[in-house]
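A short worksheet on the structure shown next.
2 protein chains.
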Amino acid sequence: MTKVFDTELAELKERLLYMGGLVELMINLSIKSLVERNEDLGKDLYRQEDEVNRLQMEIDDRCIKLIALNQPAGSDLRFITSAMKINSELERMGDQAVNIIGAAKELLKFPQLKRLADIVLMANITKTMTKDCLDAFVRTDVGLAREVLLRDDKVDGLKDQIFRVLLTYMLAETRHIPVALELILISRHLERIGDHATNIAEDVIFLAEGRDVRHHGQENSAI
Amino acid sequence: MTKVFDTELAELKERLLYMGGLVELMINLSIKSLVERNEDLGKDLYRQEDEVNRLQMEIDDRCIKLIALNQPAGSDLRFITSAMKINSELERMGDQAVNIIGAAKELLKFPQLKRLADIVLMANITKTMTKDCLDAFVRTDVGLAREVLLRDDKVDGLKDQIFRVLLTYMLAETRHIPVALELILISRHLERIGDHATNIAEDVIFLAEGRDVRHHGQENSAI
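In the order they appear, the protein sequences are chains R and L.
To convert a position in the first sequence, counted from 1, into the working numbering, add 7.
To convert a position in the second sequence, counted from 1, into the working numbering, add 7.
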């Protein structure tokens, strides 16, 4: 491949990382808005969402042009198709941050529950997963990618636990229903962020090893 | 392009359609299980999920090989990258059917609510969206794809309405809480099926017109 092609691949990586950084910011802002009951953070978040949406289209366009003009094969082609997938995952993670800040705004209508169940713990784990799956991508670090996969089980466990705790609140006190309901929905948005980070981690492993580790245990799977 | 390449593209389309048909079946089964309170349908659904997961990996693999060996450009390349995206959307729609049947199983622990709010209406619309986005893909029917986009607004409206109705049930009668909660989660799974159908419809428009209609109103958008 030509030097121009290499530069363009490096640029593609840069743009994806820039987009990933924005999505991390969006997730942080949405959680901050929930914990601090601060409505003003929404403006920044919506501006970032616009930028992420624009980047998604730009990156897809770059990928298609890179394939069309350079006809890559092997690991270069895998890199570009993985970039298209990661692009789509990142945009959806940003959507979840928008959902969380929307729910956080709803919650301002009600007095705060004493404890946010384990929502903050769950949020912290998904934030770390987001950061780590991107780091794993930059450094093609399969070990880190596998850690992200493991942490997804923890997130799913927390989701179930949060559901049980909040259901108990609702059954105990009718006035807790609207708040507990929004918190359950927030935990589902966080779960989805974890799922997207997991998908990115799987892409990183595919990129590094040329093996498809999705759907563990099925016949096409190499694990 | 060679005749072999054309045959392989036609095969790729066939496989995607076969996968789409399976996902439609999964959605139908999950709704049937909810409406008829029939737990036995789960076995079929889990078998189909395995098949869909296997197909997802097979189709991705076909796409990458098609690009690597034939170095397509223009509309052929767009078709293959769209196929990779549709592949991923379909697999996620199947995941939602699995989530719905899980929630339907939970509901068996409780007496049935008199009305499932507008869940069945919402399910019927998302089923039609699923069918239509695939038909639009087969026939490259931009008009039908645009209808799918419009129907997504209806689905979002129903989701909000169902939420309000079920919240009222919960506030009125504590014993309704667990059932209403599961139904709210089911409505969110249906919403996501609608979102995935919308994404596929957008891919069809991109494929037909070479224009990116995601994120309407943003600068890269052609609408």
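Here a beta-carbon is modelled for each residue, glycine too, at the ideal position from N, C-alpha and C.
Using a Cβ-Cβ distance under 8 Å, would Gln-55/L count as near chain R?
no
Between the segment 186-194 of chain R and the segment 154-161 of chain R, can you find at least three pairs of beta-carbon atoms closer than 8 Å?
no
Whole angstroms are fine: how far does the CA of Met-100/L sit from the CA of His-196/L?
In this structure, the straight-line span from the alpha carbon of His-196/L to that of Met-100/L is close to 9 Å.
In angstroms with no decimal places, state the Cα-to-Cα distance between Met-2/R and Met-177/L.
Given a span of 8 to 230 for chain R in the structure shown, any question on residue 2/R remains unanswerable.
Which of the three DSSP states is assigned to Glu-226/R in this structure?
Note that Glu-226/R scores 44 on pLDDT, short of 50, meaning its location in the model is unreliable; the coordinates nonetheless yield the value given after this. Coil, per DSSP.
At least one CB of chain L closer than 8 Å to the CB of Asn-60/R: is that the case?
yes
Report buried or exposed for Val-127/L, applying the criterion of at least 16 other Cβ atoms within 10 angstroms of its Cβ.
exposed
Stretch pair the segment 74-90 of chain R + the segment 44-56 of chain R: three plus CB contacts closer than 8 Å
no
Could you work out which residue in Lys-116/R, Gly-164/R, Leu-165/R, Leu-141/R is closest to Val-155/R when comparing CA atoms only?
Leu-141/R
Closer than 8 Å at the beta carbon, the chain R residues around Arg-221/L
Near Arg-221/L (Cβ distances below 8 Å), the residues of chain R are Asn-60, Gln-63, Met-64.
Chain R beta carbons: is any one of them nearer than 8 Å to that of Arg-22/L?
no
Write down every uninterrupted run of the beta strand (DSSP E) in the segment 131-187 of chain R whose length is 3 residues or greater and which is fully enclosed by it, in chain order.
none
Are Leu-36/L and Asp-13/L touching if we call contact CB-CB under 8 Å?
no
Selection of the segment 163-178 of chain R by Cβ proximity to chain L, strictly under 8 Å
Leu-174, Met-177, Leu-178
When the cut-off is 8 Å and only beta carbons count, does Arg-218/R lie next to chain L?
no
Chain L contacts from the segment 177-208 of chain R (Cβ-Cβ distance under 8 Å)
Met-177, Leu-178, Thr-181, Ile-184, Pro-185, Leu-188, Ile-191, Leu-192, Arg-195
Between the alpha carbons of Arg-171/L and Ile-71/L, how many angstroms are there, rounded?
46 Å
Taking the C-alpha atoms as reference points, what is the distance between Gly-49/R and Ala-204/R?
Cα-Cα distance, rounded: 23 Å.
Please report the Cβ distance between Ala-111/L and Ser-40/L, rounded to the nearest whole angstrom; I am assuming they are in contact, meaning their Cβ atoms lie under 8 Å.
So it is a contact: roughly 5 Å between Cβ atoms.
Report the neighbours of Leu-114/R on chain L: residues whose CB is nearer than 9 Å to its CB, in chain order.
Here the premise fails: no neighbours, minimum Cβ distance about 14 Å.
Alpha carbon to alpha carbon, how far is Ile-200/R from Thr-137/R?
8 Å
By a C-beta neighbour count over all protein chains shown, 10 Å radius and 16 as the cutoff for buried, is Ile-230/R buried or exposed?
Low local confidence applies: a pLDDT of 29 at Ile-230/R is under 50, so the model's placement there is unreliable, with the coordinate-based value given in what follows. By the 10 Å Cβ count, Ile-230/R comes out exposed.
Which word fits Lys-92/R, buried or exposed, when buried means at least 16 other C-beta atoms lie within 10 angstroms of its C-beta?
With 16 or more other Cβ atoms within 10 Å, it is buried.
Spatial neighbours of Asp-67/R within its chain, please: CB distance less than 7 Å, with the 5 preceding and 5 following residues excluded, ordered by chain position.
Met-91, Asn-94
Among Glu-56/R, Ala-208/R, Ile-87/R, Arg-182/R, the one whose alpha carbon lies nearest that of Phe-117/R:
Minimum Cα distance to Phe-117/R is reached at Arg-182/R.
Cβ-Cβ separation, Ile-212/R to Ala-152/R (assumed contact under 8 Å), whole Å
Ala-152/R to Ile-212/R, Cβ: 5 Å. Contact.
Taking only beta-carbon positions, decide if Ala-110/L is within less than 8 Å of chain R.
no
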